[in-house]
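Notes to accompany the following structure.
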Amino acid sequence: MCWGRGTVWGGAGRGGLGPVVLAGVLSALVAGCAQGGTTGDVEPEPSAKPSATGARTPRPTPQGPPGAPGALPRAGEVGPIRGEDGLPPVISSIPTKRKVVFLTIDDGWEQDPGFVKLVRDRRVPITAFAMRDAVEAKGSPDPAGGPGRYVGAGKWGYFRQLRDLHVPIENHTLTHPDLRRLPFDGQRREICGSAQVVGKEIGTRPALFRPPFGSYNTDTLRAARRCGMKAVLLWTATVQPGGKIAYQVPDKRLRPGDILLLHFRPNLAADFRVLIDKIRRRGFELGNLQAYLDASGGVRRAG
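For the sequence shown, position 97 matches number 1106 in my numbering, and the numbering has no gaps at all.
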């Protein structure tokens, strides 16, 4: 042990060390400390360990944080969610009285690595709805968000990084059409095609579907069911540049179970910090959406 503040040594009296022995012990310890050695109750440096040749090899870096982030539902907290006539339910909010909200992000144009770092470091629970053309940078993003710096920078590799942080990657069509303008077969191609691409690139087929613009009809629900979607996710509020919340309710405030919609756009990391702090100042937690949907009894991912 290399001593410092708080270390206590016995004296030369009863139970202590004699002067000669004490001097020898001190000399040995000083030499050990000078060489970086450790004894007794001080653990060795965990970042490296000796190899067979005596060299020190780096400790393996952990592969992402353990467990999915976000508040989890308590027993009996979540009300049931059911679709009608065997069709997937359309969900705008989660039936709970707890002050918890859910963050969802659409498209995939702007792929800022700083946002991935924020999600990892602050363990933010999000659900991403990927649109193929946006992720692969086919075409141009909506200029309303400002000029992009990272458009298509990582493509599907960017979303695999998010997946490794326990972010579910869900379905937002191939090309972002207004589905109500398409016949059933056209809607099915958009939804099933997207599910196949996400499954191939991410390794897990999506279970949730978000219609572009929130536009859907009965054919959309039928096509979503045909493509294996368990629910259609809408939202109760959108988040604008600067982290400003645009509510869709008359009283203009957060409510328990709200689902918030964001987009992968410029300055997302900065806006996200503002949003998270704002939500928490208002006494709300950030919930794990998939866990709450599972607890509803009617929306479970296959496998």
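Just so it is clear, CB atoms sit at the ideal spot from N, CA and C, and this is done for glycine as well. It should be emphasised that the depicted structure is a prediction, and the values quoted were computed from it without experimental measurement.
Query	Result
Best match in 1154, 1171, 1129 for proximity to residue 1136 [C-alpha to C-alpha]	1171
Segment limits, alpha helix (DSSP H) that includes residue 1116	Premise fails: residue 1116 lies in the beta strand (DSSP E), 1109-1116, not in any alpha helix (DSSP H).
Buried/exposed call for residue 1255, threshold 16 Cβ in 10 Å	exposed
Residues bridged to residue 1296 (per DSSP)	1080
Beta-ladder partner(s) of residue 1102, from DSSP	1267
Closest residue to residue 1146 among 1119, 1244, 1134 (Cα-Cα distance)	1119
Residues bridged to residue 1256 (per DSSP)	1246
Residue 1209 versus residue 1151 - alpha carbon distance	27 Å
Per-residue burial, residue 1239 [other beta carbons within 10 Å of its own, 16 or more giving buried]	buried
Buried or exposed (CB count within 10 angstroms, at least 16 for buried), residue 1258	exposed
C-beta contact flag for residue 1228 and residue 1251 at 8 Å	no
Touching by the beta-carbon criterion (3+ pairs, under 8 Å), the region 1095-1102 and the region 1284-1292	no
Outcome for residue 1203 when other beta-carbon atoms lying within 10 angstroms are tallied against a minimum of 16	buried
Bridge-paired residues (DSSP) for residue 1136	1113
Backbone CA spacing between residue 1157 and residue 1149 [nearest angstrom]	10 Å
Buried or exposed by the 16-neighbour rule on C-beta atoms within 10 Å, applied to residue 1296	buried
With 16 other Cβ atoms within 10 Å as the buried cut-off, status of residue 1076	exposed
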